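Asker:
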Amino acid sequence: ANEYVLAIYADCLVDCGRGVDASALRREMIDHEPRNPIIYNAEADYQLRMGNPTRALEILDAARKLGVENDYSFSVRGKVLEALDRGDDASALRQEMIDHETRNPAICTAEADYQLRMGNPTRAMEILDAARKQGVEDDYSLSVRGRVLEALDRRRVE
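With positions in the sequence shown counted from 1, the corresponding number in my numbering is that position plus 16.
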């Protein structure tokens, strides 16, 4: 079977509650250096959910070394870096993607959320406004926008 079929099979295993088996299959595929970023992203995401951010970063680094990253890879990398207490690195990565006008709303929203958590609601709103202007907004962006507006409103009252 080719890597796309195996990636779908791994997703099916996850859906059937067999995440450990799906992870083993993806790790076996990664050992053969597939050219499909979805495999690396899914395994890194799984490792992060299982509390293994260091392993998740190793997987993403392997994909980067092979040049098989996509926008979602950067999104997962940002989450992993934050889990490793490297929020500034995650922010810089997302900001670079934003500066290059990413079409991925998750990257913009994650950075706005990070800025909000760091106490920078004005910067968070700038990011969300730029995303809206570029047409890169989704339901989650709107949710974060609501929290940012609340934070800005609290600042005006203080």
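Positions of the beta carbon are idealized from the N, C-alpha and C atoms, including for glycine. All of these numbers come straight from a predicted model, not from anything done at the bench.
Rounded C-beta distance between residue 82 and residue 100? I'm assuming under 8 Å.
Answerer: Here residue 82 refers to the residue found at position 66 of the sequence shown. Here residue 100 refers to the residue found at position 84 of the sequence shown. Not a contact, Cβ separation roughly 22 Å.
Asker: At which residues does the alpha helix (DSSP H) containing residue 100 begin and terminate?
Answerer: If you number the sequence shown from 1, residue 100 lands on position 84. No alpha helix (DSSP H) holds residue 100; DSSP gives it neither H nor E.
Asker: What residue range is occupied by the uninterrupted alpha helix (DSSP H) comprising residue 84?
Answerer: Taking the sequence shown and counting its residues from 1, one reaches residue 84 at position 68. No alpha helix (DSSP H) holds residue 84; DSSP gives it neither H nor E.
Asker: Give me the Cα-Cα distance between residue 141 and residue 102, rounded to the nearest whole angstrom.
Answerer: Residue mapping note: residue 141 aligns to position 125 of the sequence shown, counting from 1. Residue mapping note: residue 102 aligns to position 86 of the sequence shown, counting from 1. For residue 141 and residue 102, the distance between alpha carbons rounds to 22 Å.
Asker: Extract the residue ranges of the alpha helix (DSSP H) inside the segment 91-165, only unbroken runs of 4 or more that lie entirely within it.
Answerer: Segments of the alpha helix (DSSP H) lying fully in the segment 91-165: 103-115, 121-133, 137-149.
Asker: Do residue 130 and residue 106 have their beta-carbon atoms positioned less than 8 Å apart in this structure?
Answerer: Residue mapping note: residue 106 aligns to position 90 of the sequence shown, counting from 1. Residue mapping note: residue 130 aligns to position 114 of the sequence shown, counting from 1. Cβ atoms of residue 106 and residue 130: closer than 8 Å.
Asker: So residue 45 is in the alpha helix (DSSP H); what residue range does that whole segment cover?
Answerer: Taking the first residue of the sequence shown as 1, we reach residue 45 at position 29. First-last of the alpha helix (DSSP H) with residue 45: 35-47.
Asker: Reducing DSSP to helix, strand and coil, say where residue 68 ends up.
Answerer: Counting from 1 along the sequence shown, the entry for residue 68 is found at position 52. The answer is coil: DSSP assigns residue 68 none of H, G, I, E or B.
Asker: Cβ atoms of residue 124 and residue 147: under 8 Å apart, would you say?
Answerer: Along the sequence shown, read from residue 1 onward, the residue named residue 147 stands at position 131. Along the sequence shown, read from residue 1 onward, the residue named residue 124 stands at position 108. Taking 8 Å as the Cβ cut-off, residue 147 and residue 124 qualify as a contacting pair.
Asker: Which same chain residues end up closer than 6 Å to residue 92 when comparing Cβ atoms and leaving out the 5 residues on each side of it in sequence?
Answerer: Numbered from its first residue, the sequence shown carries residue 92 at position 76. Closer than 6 Å at Cβ, skipping near neighbours: 57, 60, 61.
Asker: Look at residue 19 and residue 55 and say whether their C-beta atoms are less than 8 Å apart.
Answerer: The residue you call residue 19 lines up with position 3 of the sequence shown. The residue you call residue 55 lines up with position 39 of the sequence shown. Contact: yes.
Asker: Have a look at 136, 155, 66 and flag the residue whose alpha-carbon is nearest the alpha-carbon of residue 170.
Answerer: As a first step, residue 170 must be located in the sequence shown, where it is residue number 154. Looking at the Cα atoms, 136 is the closest of the given residues.
Asker: Among 43, 144, 33, 163, which residue has its Cα nearest to the Cα of residue 79?
Answerer: Sequence index remark: in the sequence shown, residue 79 carries index 63 (1-based). The option with the nearest alpha carbon to residue 79 is 43.
Asker: Report yes if the C-beta distance between residue 160 and residue 132 is below 8 Å; otherwise report no.
Answerer: As a first step, residue 160 must be located in the sequence shown, where it is residue number 144. As a first step, residue 132 must be located in the sequence shown, where it is residue number 116. Yes, the pair counts as a contact, with Cβ atoms nearer than the cut-off.
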